[in-house]
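Read the structure below first, then the notes.
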């Protein structure tokens, strides 16, 4: 079995934290979307940014069950691919509000899978003291991710609003790191222990995305 590289895994978890407030990534485009789709009520356009959070509430519950069956690493990587796909598809296909809501739902699926599985991976591979230190740094990376989404997303939206979706290409970083550094799930006893920790995902995490 490949030896666990805790340092590389820690940086992978921190890279994932950059995505935790991903729902706000499209906020800079709302005014431009409304102007481009005048037939759509403003309230419907504004809900695009909160729709991922609505979807992820349900996906988060399903992700816990799926991670027990398929493994946390696979489910986590699926979530990162979903976020990456939403960014690419949103950039390419954006002619109707229905399409935008589909990509918002895909973002919600991504956020809803990475939050509980990342918590489970953290619980499975680090002791309580180590987890406390990493979780403290996670908050910093979450805020860095929020600033990136706001400022880079805003700069792209000024050029053309669909370019705003490209901010989600940042998911490629934790995806590659996850493939390389996240270990396969441990045996049944370890997985069950981590599953207990996973179910304790903070309510705050669900509202931040």
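Residue numbers (the working numbering): 1 to 209. Ideal placement from N, C-alpha and C gives every residue a C-beta, glycine not left out.
Can you grab the Cα-Cα spacing for the pair residue i / residue j, in whole Å?
i: residue 135; j: residue 144; result: 14 Å
i: residue 67; j: residue 185; result: 9 Å
i: residue 20; j: residue 124; result: 20 Å
i: residue 139; j: residue 36; result: 36 Å
i: residue 180; j: residue 10; result: 12 Å
i: residue 112; j: residue 60; result: 4 Å
i: residue 58; j: residue 114; result: 13 Å
i: residue 183; j: residue 4; result: 7 Å
i: residue 6; j: residue 142; result: 20 Å
i: residue 159; j: residue 71; result: 41 Å
i: residue 122; j: residue 29; result: 34 Å
i: residue 16; j: residue 137; result: 12 Å
i: residue 50; j: residue 24; result: 8 Å
i: residue 14; j: residue 85; result: 21 Å
i: residue 83; j: residue 129; result: 31 Å
i: residue 165; j: residue 126; result: 34 Å
i: residue 119; j: residue 146; result: 19 Å
How close, in whole Å, do the beta carbons of residue i and residue j come, if the pair is a contact with beta carbons under 8 Å?
i: residue 175; j: residue 81; result: 7 Å
i: residue 109; j: residue 55; result: 6 Å
i: residue 107; j: residue 22; result: 6 Å
i: residue 170; j: residue 18; result: 6 Å
i: residue 178; j: residue 167; result: Between residue 167 and residue 178 the Cβ distance is about 19 Å, and since that is not below 8 Å, they are no contact.
Do residue j and residue i come within 8 Å of each other at the CB atom, strictly closer than that value?
i: residue 162; j: residue 91; result: yes
i: residue 32; j: residue 155; result: no
i: residue 63; j: residue 117; result: yes
i: residue 48; j: residue 104; result: yes
i: residue 42; j: residue 53; result: no
Considering only the alpha carbon of each residue, which of the options lies closest to residue i?
i: residue 95; options: 53, 39, 62 and 132; result: 39
i: residue 44; options: 6, 7 and 98; result: 98
Practice task
Would you check if there are 3 or more beta carbon pairs closer than 8 Å linking the region 71-78 to the region 164-184?
Solution key: These segments touch.
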